[in-house]
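J.: Have a look at this one.
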Amino acid sequence: MAWIQQLDLSILLFIQEHLRVSWMNGFWEFITHFGDGGIFWILLILVLLIPEKTRKAGIVAACSLLLGFLITNVTLKPLVDRMRPYEFSDAILPLGTIPRDASFPSGHTNASFACALIYVRMLPKKYGIPLVVLAALIALSRLYLCVHFPTDVLGGFLVAVFSSTVVYACYQSLEQIKLKKR
């Protein structure tokens with residue numbers, strides 16, 4: 272486990288020392304706020320619930336977001352209780368809002384991909400793909416700002432892949448049952 276921690280720290284130090292540039296800080300701080308509390312994704316769900324054409328995508332995304340939240344924030348964060356990078360090493364200098372909760376897995380990453388991976392499956396690609404790109408930028412912002420270790424972001428992504436896959440499979444099963452009843 273120590274070698275993973277050292278690799279995580281080395282990656283963050285590389286980002287901090289070689290990729291951070293002052294003129295980009297505002298951009299990454301702006302991007303990361305799209306993941307704050309899942310609010311952007313919740314608002315998007317609410318918008319998609321209005322038209323009948325996108326309602327199913329909104330409902331499935333809400334279920335994926337909820338499952339991801341339960342796994343990430345209710346189960347794994349308290350169970351693992353991992354320190355934030357800046358708490359682990361004084362060499363790490365975070366930018367922006369400083370989170371105080373546990374670090375693993377990344378809630379921003381999980382919420383973003385839990386929804387985006389549903390949208391890329393259920394909405395036209397011209398909407399789904401940009402939302403996946405936004406989710407990826409949010410995940411990268413957590414590293415740029417040094418508020419998560421890379422394995423935190425990877426963990427959040429993997430939970431989102433799991434939750435979106437399970438929820439989408441359930442949705443498809445329900446759709447098949449509806450078709451058989453007709």
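In terms of my numbering, the sequence shown has 273 at position 2, counting the first letter as 1, and numbering is strictly consecutive. Don't be surprised by glycine CBs; every beta carbon is placed ideally from N, CA and C.
1) Can you find at least 3 beta carbon pairs, one from the region 284-293 and one from the region 376-393, that sit closer than 8 Å?
2) Determine whether the beta carbon atoms of H419 and R355 lie at a separation below 9 Å.
3) Between the region 370-383 and the region 341-356, are three or more C-beta pairs nearer than 8 Å?
4) Tell me whether K348 is buried or exposed, calling it buried when 16 or more other Cβ atoms sit within 10 Å of its Cβ.
5) Measure the CB-CB distance between L336 and G309 and report whether it falls below 9 Å.
6) Within a Cβ cutoff of 6 Å, which residues of the same chain sit near E300, ignoring the five residues on either side of it in sequence?
7) Output yes or no for whether 9 Å exceeds the beta carbon distance between L402 and I302.
8) When DSSP labels each residue in this structure, what does R392 get in the three-state scheme?
9) Compare the beta carbon distance of I409 and G306 with 9 Å and say whether it is the shorter of the two.
10) With E288 as the anchor, note down where its alpha helix (DSSP H) starts and where it stops.
11) Pull up the distance between the alpha-carbon of L425 and that of V345, whole angstroms please.
12) Do you know how far the Cα of D361 is from the Cα of I321?
13) Curious, which full-length alpha helix (DSSP H) runs of at least 4 residues does the region 338-411 contain?
T.: Inspection of the coordinates gives the following:
1) no
2) yes
3) yes
4) buried
5) yes
6) G367
7) no
8) helix
9) yes
10) E288 -> no alpha helix (DSSP H), and no H or E assigned at all.
11) 18 Å
12) 48 Å
13) 348-351, 356-359, 378-393
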